[in-house]
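**Student:**
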Amino acid sequence: MATNKQSSREGSIFWKYIVAVVVFAFCLLPLLFVLSASLNPGGTLTGSTDLFKNVSFSNYQTLFQKDFPKWMLQSFFIATVTSVGTVLMAAAAAYAFSRFRFKGRRGGLTSLLIIQMFPQMLAFIAIYLLLLTLQDVYPWLGLGSPIALICVYLGGALGANTFLMYGFFNTIPRELDEAARIDGATHAQIFWGVIMRLVTPILAVVGLLSFVSTYGDFILAKIVLQRPEDYTLAVGLYVWAADERNAPWSLFAAGAVVAAIPIILLFMYLQKYIVSGLTAGSVKG
Amino acid sequence: MRWSALGLVGAGLSLALVACGGTPSGTSSASGSGAAASSAAATEGGGASGSLTIWVDETRIEGFKKLGETFQTQTGVSLDVVQKPSQDIKTDFISQAPSGQGPDLIVGAHDWIGDLVTNGVISPVELGDATVGLTDTAKKAFTSGGQLMGVPYAVENIALVRNNKLATETPATFDELIAQGKQLTPEHPVVIQQGTDGDAFHLYPVQSSFGAPVFKTGENGEYTNELGMGGEPGTKFAAYVKKLADEKVISSSVGGDPAKQAFLDSKTAYIVTGPWWTPEFEKAGMDITVLPVPSAGGQPSAPFVGVQGIYLSSKTNNALTANQFLTFAAGADAQKALYESGGRMPALKSVADGITDETLQEFAKAGENGHPMPAIPAMASVWKFWGATELAIMEGNAADPAAAWNEMITNIQAAIKG
Amino acid sequence: MIDVSDLSAKPQLSHARDLSRPGFYVKLVLMGLVNAFGLYGIMTSAAQQQWWILGFLVASLIVADYVYFSKRAIPAKYLFPGVIFLIVFQVYVMGSTAFVAFTNYGDGHNDTKQVAITQISKTSDRRVENTATLPVSVIEKDGVLGFAVIRDGKAEIGTTADPLVAATDAKVSGQKVTEVPGWRVLNLAEVQQRQKEVLELRVSLSANPDDGWLRTDNATFAYVAKSALVYDQDADTFTDPEGKVYSADNSKGSFVASDGTELKPGWRVFTGLNNFTEVFKDSRLTMPFLKITAWTFAFAILSVVTTFIFGLALAVLFNDPRVKGRTFIRAIFLLPYAFPAFLSALVWRGMLVQDGGFINKVLLGNAHIGWLSEPTLAKIAILVVNLWLGFPYMFLVCTGALQAIPGELKEAGIMDGASAWKRFIHVTFPLLLVSVAPLLIASFAFNFNNFSLIYMLTGGGPNFQGTPVLIGETDLLISMVYSISFESGARQFGLASALSILIFVIVGFISWLGFRQTRKLEEVL
């Protein structure tokens, strides 16, 4: 996108680094508290303004003596399957909406958007009862099963994600499909071979968004996974924080720090797909 | 089309799981079927088997796991201890019990009784002669409509904790206490935790000394639905709340954590708190004494007493085994074991008398004439209004403390009726 | 299993049906699995008599087979899986919530009438005060259960039909009857196996029913019990020993006496539109309600605008290959998103505390600003915290969407000599808006119902003075619903659900309007 021509036109970019530093301060300030608390055995999260008074890694050691590693694996499993499923389903739906004209297309798109807006305040009762019933038919799809939780998450796979993709799909020139169709490609081949290759950035974005929201959800997860050994990270951390009197804040903070690392690594890895997806050549088709 | 491949991989995977999953009843925690299935084997030996599911919070998980092992060796019935955050136990239990798939037993504070009874999710417990051994407070707290609604196992209350390094003599009235505290630690003469939602629980020892108990009590000692904190004693206390705020005893900025930190950092000589934090103070090497809260309004101060106990689900399929567990839990061995792992004052007299821990005994003494926390269903909203009004008074948002207090009484009464 | 290498293949007339293509076999295998899965479900649900599930499975299986084996319905092939999940886990959940709105479901009314009657009868069958407990053994003869107890040192037996009689020839060891001629004493496992019967067993003390009966809860001791309430099925009433009658009120869902006292628990009944109208009855709520509605809109719109502008600005600024270390810079920008939101809200709350909070004490040098207690400041604080929580999302989405802006357009802009800013406003921004506008609408809807942020940061406070429920300056409509239906008395799921539906109608309508606008936007370009 940006070419040498451009860079010669525009002046110094030093100010962008200054902007970055200012935004860093905004981003990191609250997180310093978390880090400080995580290094202070027996420390509190909000009781003190003296940052980094004590530094010890004992919380991190304790973390790995608890169920924490188990929760982490569970979170990885659930978030990975959910985000892959979400990407595929949302992309397929976006393809249908973007490339085909059928009855109820507009209505379908609008309803998708609006269904997601239903307040979920009472969903916990309905989901609990739904899984209890499903359990009778498909025992592995009941309460306590990570597969059931994944299914609940996939229920929300269409929705905002589909729109993000739909918008992106619309920017891919239709001439590309036409050309492929004339070459005899089926709709499936066009989808897998042409479209999916060109939309890598948005696939990566949706995948990441879905991964993060699944990874961080504790409301649905704690309805479905009721036993500590089945918890996801978010539920586990929530349970630690929920103890009003004796909340192990420092342990909790350490858990949050460790939990955030995979997200950051995943993002750094996905960045190359996000920012380098579309090249001028492919657009010309 | 081929695309459908991946979309359905989930389904494919799941099918594989069915193959290994076994019978439909395999994954559910329905202990009833487990009991039935294994009973054939057990009949020969005559011993019982099966399992009971119990929900406990993180502070008691260890104790109940141990208790479960003992119970299993004695009876053959295993205890499946499931940990849940304490505030979820009650709400989840109420919403899940009617499905018949909830736990057999739950552990929690006695002030849940109102909600649990209203929803019909617990059964009364008949302990037989074991009831006699329980302390009066514990029995009273767990009694509703003349029936014992659970098995109490621990009693706790708040009191005044003193840092002996800063002070060794404590005056008899709260005003004098503030005066003394001001000289020692001007920043916080005394600390009573409040926070941004207010905290009526921790202010109650002060309130009760004005002769303004939360509810009036009936002949049998059970609370009535009639508020006791209205009228002049109540408004006097409301004015005192303002004074406490002006004297920097309470503040919305000082919630639980900052309060604990201030005491740990010796920024105050006195804190009103419960036995849940004293181990931390002792661990930090502090020399502390636990005292009754001095009276502010002339009458003896009474803290709320919270009693912890085990409830029996009314929807359990294992009521008989569950009752056997409850009888066991009311016994001296179990109460002693729960004390040893949880550090709370036992509800059984014989065991409580044998406790040598000085701090705990001091707490118990300070709570001798305490009031059991009310257990009516509307209590949750009472707490909310109560805390919010005290907050408004101490923040100065309510210009006239007495008027705000009276308005609170009206609102609480409406909530109780409503 | 996905074959993408044959883009340049020769024209094909019959696509995935072509037997020479691997795709066909993949489809066949998958559909085989789906059918197996469906059939398994159909069989088990038939066995379990779950007719609704059965019907749903049959219908979806037929649709699935039609969609994937027919040449038509091509879009459906792409929509089917997502839609199935959507129907089961969202639409169904929505439907059942909506259903609750028309009932009195909540504390005290959470099950059927039959369950309520059972529970009331059960709790009223209670021990007679000051009676002794008796060591008990459970005995059986020809399938009939009975009790063998020791009363006043002597063994006695009885069943449901026969009141207690002395059993002189019974053998007693320790405190228990161990043998009764003609009867078999059940062991622990047998008692456990038949525990339901044992618990329901009542043995009358004598022929006079007023003497009460024996029952046991644990098969260790039995106690004398009497029923404090008697249910009369024909009259549908409970009567207590003093003759007070509680009759069933089927519109309210509870047994009520003439003086207004109610038995607990009650049961669930349909209440029609009551839940929808109830909240509008209290005039003291009108002003706060209007204020809260205004703030809810302001909050939702401002949250979207601030996060979007901030996120977009960062995305554009750092979508510049000349900036070194972009991978790192972007990762830091994403950090707020990587931490659990409830943790962040807690930390912010701690930092914003008036006395001794980090912001007042350290950043502003011992200032005394009521960030969470002064109405306007609390609103600003909420918006800032929400900006912190939300901008990484917008940043990420915009960074992704920027990649779709075709290079030629930019080139054209440069050729025209347009400034970078004009280029952005006239070319990049409108194109970007096409793809992110629906997300902005979704984000509006999300913030409109952003209960957890408010709940964790201010709890709605500072509170309004003089309202009958605890609501405050920073409450959103959804947190007001929470306050009214859960925190002001008993929890009322029916009410909460009805109010949620009203909110949903508002948000849905506005979003629908917004959505129509984006369609116009699309057509312009």
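Residue numbers (my numbering), protein chains in the order written: chain A, 1 to 285; chain B, 1001 to 1418; chain C, 2001 to 2525.
Even glycine gets a Cβ: it sits at the ideal position worked out from N, Cα and C.
Every value quoted in this text rests on a predicted model; they were computed, and no experiment measured them.
For a cutoff of 7 angstroms on Cβ pairs, would you count residue 1085(B) as touching chain A?
**Tutor:** By this cut-off, residue 1085(B) is an interface position.
**Student:** Answer yes or no: do residue 2183(C) and residue 2141(C) have a C-beta to C-beta separation smaller than 7 angstroms?
**Tutor:** yes
**Student:** What do you get for residue 2139(C), buried or exposed, if any count of 16 or more other CB atoms within 10 angstroms of its CB means buried?
**Tutor:** buried
**Student:** Using 10 angstroms around the beta-carbon of residue 2462(C), count the other beta-carbons present and answer buried if the total reaches 16, otherwise exposed.
**Tutor:** buried
**Student:** Under 8 angstroms: do the region 1214 to 1224 of chain B and the region 1148 to 1168 of chain B share three or more Cβ pairs, one atom per stretch?
**Tutor:** Touching, no, given that fewer than three Cβ pairs across the two stretches are closer than 8 angstroms.
**Student:** Output the boundary residues of the alpha helix (DSSP H) element that contains residue 1075(B).
**Tutor:** 1061 to 1075
**Student:** With respect to the beta strand (DSSP E) encompassing residue 2249(C), which residues constitute its N-terminal and C-terminal limits?
**Tutor:** Taken as a continuous stretch (DSSP letters only), the beta strand (DSSP E) holding residue 2249(C) covers 2245 to 2249.
**Student:** Would you please state the rounded distance, in angstroms, between the beta carbons of residue 2120(C) and residue 2263(C)? I believe it to be under 8 angstroms.
**Tutor:** 5 angstroms
**Student:** If you count every other CB in all the chains shown that lies within 10 Å of the CB of residue 65(A), and 16 or more means buried, which is it?
**Tutor:** exposed
**Student:** Measuring straight from C-alpha to C-alpha, what distance separates residue 1250(B) and residue 2495(C)?
**Tutor:** 36 angstroms
**Student:** Kindly give me the distance between the Cβ atoms of residue 1345(B) and residue 1062(B), rounded to whole angstroms, as I take these residues to be in contact under 8 angstroms.
**Tutor:** With 8 angstroms as the limit, residue 1345(B) and residue 1062(B) do not qualify as a contact, their Cβ atoms being about 18 angstroms apart.
**Student:** State the Cα-Cα distance for the pair residue 255(A) and residue 68(A), rounded to the nearest angstrom.
**Tutor:** 8 angstroms
**Student:** Select from the region 108 to 137 of chain A all residues with a C-beta closer than 9 angstroms to any C-beta belonging to chain C, and list them in chain order.
**Tutor:** 108, 109, 110, 112, 113, 114, 115, 116, 117, 118, 119, 120, 121, 122, 123, 125, 126, 127, 129, 130, 133, 134, 136 and 137
**Student:** Pick out the complete alpha helix (DSSP H) segments inside the region 2185 to 2220 of chain C, 4 residues or longer, and give them in chain order.
**Tutor:** 2188 to 2193 and 2195 to 2200
**Student:** Under 7 angstroms between the Cβ atoms of residue 1397(B) and residue 1104(B)?
**Tutor:** Taking 7 angstroms as the cut-off, the beta carbon of residue 1397(B) is found no closer than this to the beta carbon of residue 1104(B).
**Student:** If we cut at 7 angstroms on Cβ distances, does residue 227(A) have a partner in chain B?
**Tutor:** yes
**Student:** Please tell me whether residue 988(B) has its Cβ less than 7 angstroms away from any Cβ of chain C.
**Tutor:** This structure cannot settle anything about residue 988(B), because the visible part of chain B is limited to 1001 through 1418.
**Student:** Quick one: using the 10 Å Cβ neighbour count with 16 as the cut-off for buried, is residue 1002(B) buried or exposed?
**Tutor:** The pLDDT assigned to residue 1002(B) is 32, lower than 50, so where the model puts this residue is not dependable, and the model offers no usable value.
**Student:** List, in chain order, every chain B residue whose beta-carbon is nearer than 8 angstroms to that of residue 287(A).
**Tutor:** In the structure as shown, chain A starts at 1 and stops at 285, and residue 287(A) therefore has no counterpart that could be examined.
**Student:** Regarding residue 2268(C) and the ligand HEM, is the C-beta to nearest heavy atom distance less than 6 angstroms?
**Tutor:** Questions concerning the ligand HEM fall outside what the structure shown contains, since it holds no ligand whatsoever.
**Student:** Return the first residue and the last residue of the beta strand (DSSP E) that residue 1304(B) is part of.
**Tutor:** For residue 1304(B), the uninterrupted beta strand (DSSP E) segment begins and ends at 1304 to 1313.
**Student:** Residue 2241(C) to residue 1283(B), Cα distance in whole Å?
**Tutor:** 58 angstroms
**Student:** Is the beta carbon of residue 2225(C) closer than 7 angstroms to that of residue 2212(C)?
**Tutor:** yes
**Student:** In three-state DSSP terms, what is residue 1038(B)?
**Tutor:** Reliability fails at residue 1038(B), whose pLDDT of 37 lies under 50, so the model's placement of it is uncertain and no value is given.
**Student:** Nearest-angstrom Cα distance between residue 2331(C) and residue 268(A)?
**Tutor:** 6 angstroms
**Student:** Who are the neighbours of residue 1119(B) on chain C, taking C-beta pairs under 7 angstroms?
**Tutor:** Residues of chain C passing the Cβ test: 2107, 2108, 2110 and 2265.
**Student:** Compare the C-beta of residue 242(A) with all C-beta atoms of chain B and state if any pair is closer than 7 angstroms.
**Tutor:** yes
**Student:** Rounded to whole angstroms, how far is the Cβ of residue 1329(B) from the Cβ of residue 1310(B), which I believe are closer than 8 angstroms?
**Tutor:** 6 angstroms
**Student:** Quick one: residues in its chain with C-beta nearer than 7 angstroms to the C-beta of residue 1164(B), no 5 flanking neighbours on either side, listed in chain order?
**Tutor:** Correct list, in chain order: 1287, 1288 and 1289.
**Student:** Residue 214(A) to residue 1361(B), Cα distance in whole Å?
**Tutor:** 48 angstroms
**Student:** CA-CA distance, residue 1985(C) and residue 2107(C)?
**Tutor:** The structure shown does not extend to residue 1985(C), since chain C spans only 2001 to 2525, so no value can be given for it.
**Student:** Using a Cβ-Cβ cut-off of 7 angstroms, state whether residue 2469(C) counts as contacting chain A.
**Tutor:** So, not an interface residue.
**Student:** What is the DSSP secondary structure of residue 170(A), reduced to helix, strand or coil?
**Tutor:** Secondary structure at residue 170(A): helix, using DSSP grouped into helix, strand and coil.
**Student:** Between the Cα of residue 2501(C) and the Cα atoms of 2027(C), 2095(C) and 2089(C), which residue gives the shortest distance?
**Tutor:** 2095(C)
**Student:** Exposed or buried, what is residue 2136(C) when buried is set at 16 or more other beta-carbons lying within 10 Å of its beta-carbon?
**Tutor:** buried
**Student:** Give the residues from the region 2158 to 2189 of chain C that approach chain A closer than 7 angstroms (Cβ to any Cβ), ordered along the chain.
**Tutor:** none
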